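*Asks:* For the sequence shown, this note's numbering assigns the number 240 to the initial residue and increments by one for each residue that follows. Pasting a structure here, questions to come.
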Amino acid sequence: MVRRSLALAFACIACLAAPASAQSDSERRQARELIEQTVGVNTATGDQNIILANRLAERFRAGGFAAEDVHIINGGDSAGLLVRYRGDGGGGRPILFLAHMDVVPALREEWERDPFTLVEENGMLFGRGVLDNKAGLVHIASTFLTLRAEGFRPTRDLILWFSGDEETTGLTTQALLANHRALLGDAEFALNSDAGGGQLAPDGRALTYVVQTAEKTYASFTFTVRNQGGHSSAPRADNAIYELSEALQRLRSFEFPIQWNETTLASFRNAAAAFPGPEGQAMRRFAERPTDRALQRMLGRTSMGNMMRTTCVATMLSGGHAENALPQTATATVNCRIFPGVPVDDVLSELRAIAGSGVEVAQLGPSNFSDASPLRADVMQAVTRTVHARYPDLVITPYMSAGATDGLFFRAAGIPVYGVGGVFIRGSDSFAHGLNERIPTDALYTGLTHWRSLITELAAPAAGP
Numbered sequence: 240m241v242r243r244s245l246a247l248a249f250a251c252i253a254c255l256a257a258p259a260s261a262q263s264d265s266e267r268r269q270a271r272e273l274i275e276q277t278v279g280v281n282t283a284t285g286d287q288n289i290i291l292a293n294r295l296a297e298r299f300r301a302g303g304f305a306a307e308d309v310h311i312i313n314g315g316d317s318a319g320l321l322v323r324y325r326g327d328g329g330g331g332r333p334i335l336f337l338a339h340m341d342v343v344p345a346l347r348e349e350w351e352r353d354p355f356t357l358v359e360e361n362g363m364l365f366g367r368g369v370l371d372n373k374a375g376l377v378h379i380a381s382t383f384l385t386l387r388a389e390g391f392r393p394t395r396d397l398i399l400w401f402s403g404d405e406e407t408t409g410l411t412t413q414a415l416l417a418n419h420r421a422l423l424g425d426a427e428f429a430l431n432s433d434a435g436g437g438q439l440a441p442d443g444r445a446l447t448y449v450v451q452t453a454e455k456t457y458a459s460f461t462f463t464v465r466n467q468g469g470h471s472s473a474p475r476a477d478n479a480i481y482e483l484s485e486a487l488q489r490l491r492s493f494e495f496p497i498q499w500n501e502t503t504l505a506s507f508r509n510a511a512a513a514f515p516g517p518e519g520q521a522m523r524r525f526a527e528r529p530t531d532r533a534l535q536r537m538l539g540r541t542s543m544g545n546m547m548r549t550t551c552v553a554t555m556l557s558g559g560h561a562e563n564a565l566p567q568t569a570t571a572t573v574n575c576r577i578f579p580g581v582p583v584d585d586v587l588s589e590l591r592a593i594a595g596s597g598v599e600v601a602q603l604g605p606s607n608f609s610d611a612s613p614l615r616a617d618v619m620q621a622v623t624r625t626v627h628a629r630y631p632d633l634v635i636t637p638y639m640s641a642g643a644t645d646g647l648f649f650r651a652a653g654i655p656v657y658g659v660g661g662v663f664i665r666g667s668d669s670f671a672h673g674l675n676e677r678i679p680t681d682a683l684y685t686g687l688t689h690w691r692s693l694i695t696e697l698a699a700p701a702a703g704p
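Now the structure itself:
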């Protein structure tokens, strides 16, 4: 999952919550039952994801969805769930709704509570995956079930996709796109619950809401130096460890060129309001004149620099085979987060030039290239109305994340994706992948209103005269 890493840098207006449509008692009970059920399954393993996918499939069939519209998609050792909510066909192409069932592992002995039993304490819900991404999953599933029970018929098909291995291989989503693309029809865009969302101040005020419209490409590479080695009592100049370290020093000194897109420029424009001094002025000017070299140099050295370029950093080392022998092989792993739209092969070529002729540079495993999603007016308008119904003056901004979600695969397949998660949370409470993962109890229920509003903004029949 990718959370709002730049949320505090964006413009913030002290907003108090405005009244929003309350959820019915039955909606709240259904959401609470679903979050308990999903957290209660340890979906860090593929076999448990298959179990949860089948349980949710049964729930949708029992909720009135036709058997032919509920599909289990196998991929690798896991499975995903696809459900189609059929519309009347008059409002456009289908919309996808994304979440993932799997979680990262959690060790009971390290947690204060059983990570796979939902626990409510002091206004918070604790459990592995409750933030990443089972709250989002429940918001979408419960909203689909509630709207179906109410007899709501959208103007276009709504298709939910709950993947089974977002945290690892992504094979379920890749299998969906490669082997079952017809189930998606000609989907126009996707709304992703696993990105975006709201940031709260320590006192509970809303600071900002961000919409994820781009993700950097994740790719890792190896730098390897080999030579004949020898006895450590007779050192030589061609030491594999030293030669590797020299290549890594060159990498450390290298900076990829500054880049931008409409998402990052909008982020800088909005972030400028949070920095009243020279840095804020530079952000504003950069949004207006991104080709200005002086502004590029200034901002490229700040915490905002990773929004402006591809980054590559050494993360792992191995080398040598005995303490009394010269190393025959030394290898470093280099992890890159590549600016959207930059081909991975271009980065590989650059790394080879940096490393030099005596260093083998190879890609470590596959990567998935995608460009940024365009800032669609209909999506941004729907998000703005949805968020402003609760926080009328809140600044809403697109952002690019340095990490990756399932959205990367859909963007690569030509389907724009927008991270519009319904959880508002304090930075001090955001423990996705960490110990004692939690969300505010209230966020479970207000997220239902958030997703109902998005659906009705984008797919509700027009009101009569």
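For glycine and all other residues, C-beta sits at the position ideal for the given N, C-alpha and C. Treat the numbers as computed from the prediction; the structure is a model and nothing was measured.
Take every Cβ of the region 486 to 502, pair it with every Cβ of the region 585 to 596, and state whether three or more of those distances are shorter than 8 Å.
*Replies:* Touching, yes, given that three or more Cβ pairs across the two stretches are closer than 8 Å.
*Asks:* Could you spell out the range, first to last residue, of the alpha helix (DSSP H) harbouring Q620?
*Replies:* Residues A616 to H627.
*Asks:* Which term fits P637, buried or exposed, when burial requires 16 or more other beta carbons within 10 angstroms of its beta carbon?
*Replies:* Classification of P637: buried, given that the 10 Å Cβ count is 16 or more.
*Asks:* How would you label M555, buried or exposed, when you count the other beta carbons within 10 angstroms and need 16 or more for buried?
*Replies:* With fewer than 16 other Cβ atoms within 10 Å, it is exposed.
*Asks:* Looking only at C-alpha atoms, which of D442, E527 and G516 sits nearest to F507?
*Replies:* Closest option to F507, Cα to Cα, is E527.
*Asks:* Closest to I678 by C-alpha separation, out of L399, A479, T625 and R271, would be which residue?
*Replies:* When each option's Cα is compared against that of I678, the closest is R271.
*Asks:* Is L320 closer than 8 Å to I694 when the C-beta atoms are compared?
*Replies:* In this structure, L320 does not lie closer than 8 Å to I694 by Cβ.
*Asks:* Give me, in chain order, the residues of the same chain whose beta-carbon lies closer than 7 Å to that of R392; leave out the 5 immediate sequence neighbours on both sides.
*Replies:* Once the five neighbours on either side are set aside, the close Cβ partners of R392 are G326 and D327.
*Asks:* Given a cut-off of 8 Å, decide if Y324 and F383 are closer than it, judged by their beta-carbon atoms.
*Replies:* For F383 and Y324, yes; Cβs fall inside 8 Å.
*Asks:* By Cβ distance, which residues of its chain are closer than 7 Å to P496, with the 5 residues on each side in sequence left out?
*Replies:* Here the set comprises R548.
*Asks:* Would you mind working out which of A698, A292 and I379 sits nearest H310, comparing C-alpha positions?
*Replies:* Measuring from the Cα of H310, the nearest candidate turns out to be A292.
*Asks:* What residues in its chain sit with their C-beta under 6 Å from that of G658, if we drop five residues either side in the sequence?
*Replies:* Closer than 6 Å at the Cβ level, and outside the excluded window around G658, lie N431, A434, G435 and Q451.
*Asks:* Could you give the first and the last residue of the continuous beta strand (DSSP E) run that contains L674?
*Replies:* Per DSSP, L674 belongs to no beta strand (DSSP E) and is neither H nor E.
*Asks:* Can you tell me whether R532 is buried or exposed, with buried defined as 16 or more other CB within 10 angstroms of its CB?
*Replies:* So R532 ends up on the exposed side.
*Asks:* Hey, out of D341, L633, D264 and A628, whose CA is closest to V280's CA?
*Replies:* For the residues D341, L633, D264 and A628, the minimum Cα distance to V280 belongs to D341.
*Asks:* Do you know whose CA, among V278, V618, E297 and M522, lies nearest V358's CA?
*Replies:* Closest option to V358, Cα to Cα, is V278.
*Asks:* How is the alpha helix (DSSP H) around A553 delimited, first residue to last?
*Replies:* Here A553 belongs to no alpha helix (DSSP H); instead the beta strand (DSSP E) covers T550 to G558.
*Asks:* Assign T356 to buried or exposed, taking buried as 16 or more other Cβ atoms, counted over all protein chains shown, within 10 Å of its Cβ.
*Replies:* So T356 counts as exposed.
*Asks:* Quick check on Q413: does DSSP put it in helix, strand or coil?
*Replies:* Looking at Q413 - three-state DSSP - the assignment turns out to be helix.
*Asks:* With H, G and I counted as helix, E and B as strand and the rest as coil, what does DSSP make of W690?
*Replies:* Three-state result, W690: helix.
*Asks:* Excluding the five sequence neighbours on either side, which residues of its own chain have a C-beta within less than 8 Å of the C-beta of M639, listed in chain order?
*Replies:* Counting only Cβ-Cβ distances below 8 Å, and skipping sequence neighbours, we find Q451, T452, A453, E454, K455, N500, T502, T503, S506, M546, P579 and A611.
*Asks:* Below 8 Å, how does it come out for the region 468 to 480 and the region 406 to 423: are there three or more Cβ pairs, yes or no?
*Replies:* With the cut-off at 8 Å, the region 468 to 480 and the region 406 to 423 do not touch.
*Asks:* Determine, using beta carbons only, whether A643 comes closer than 8 Å to chain B.
*Replies:* Absence of chain B from the displayed structure is noted, only one protein chain being present.
*Asks:* May I have the straight-line CA-CA distance separating G559 from D584, to the nearest angstrom?
*Replies:* If you take the alpha carbons of G559 and D584, they lie about 29 Å apart.
*Asks:* Below 8 Å on the Cβ atoms is my contact criterion, and I expect F336 with L399 to pass it. Report the Cβ-Cβ distance as a whole number of Å.
*Replies:* Indeed, because the Cβ distance is near 4 Å, the residues count as touching under 8 Å.
*Asks:* Can you tell me which of E518, A561, L346 and A553 puts its alpha carbon nearest to the alpha carbon of R540?
*Replies:* Considering only alpha carbons, the answer is E518.
*Asks:* In the DSSP assignment, find the alpha helix (DSSP H) that holds A338 and state where it starts and stops.
*Replies:* Element bounds for A338: not the alpha helix (DSSP H) but the beta strand (DSSP E), I334 to H339.
*Asks:* Taking the C-alpha atoms as reference points, what is the distance between F462 and P566?
*Replies:* Cα to Cα, the separation comes out at about 15 Å.
*Asks:* What are the complete alpha helix (DSSP H) segments, minimum 4 residues, inside the region 400 to 481?
*Replies:* DSSP runs (the alpha helix (DSSP H)) wholly in the region 400 to 481: 410 to 418.
*Asks:* Would you mind stating whether A261 and I289 have Cβ atoms separated by less than 8 Å?
*Replies:* Not in contact: A261 and I289 (Cβ atoms no closer than 8 Å).
*Asks:* Determine the DSSP secondary structure at E360, reduced to helix, strand or coil.
*Replies:* Strand.
*Asks:* Compute the distance between the beta-carbons of F428 and V656, then report whether it is under 8 Å.
*Replies:* Yes.
*Asks:* Look at P333 and D264 and say whether their C-beta atoms are less than 8 Å apart.
*Replies:* Cβ atoms of P333 and D264: not closer than 8 Å.
*Asks:* Counting only runs of 3+ residues fully inside the region 277 to 319, write out the beta strand (DSSP E) ranges in chain order.
*Replies:* You should have 309 to 314.
*Asks:* In angstroms, rounded to a whole number, what distance separates the CA positions of P474 and Y481?
*Replies:* Straight-line Cα distance between these residues: approximately 11 Å.
*Asks:* Looking only at its chain, what residues have a beta carbon closer than 6 Å to the beta carbon of L370, apart from the 5 residues adjacent to it on each side?
*Replies:* For L370, where only same-chain residues beyond five positions count, the Cβ hits under 6 Å are A671, E676 and I678.
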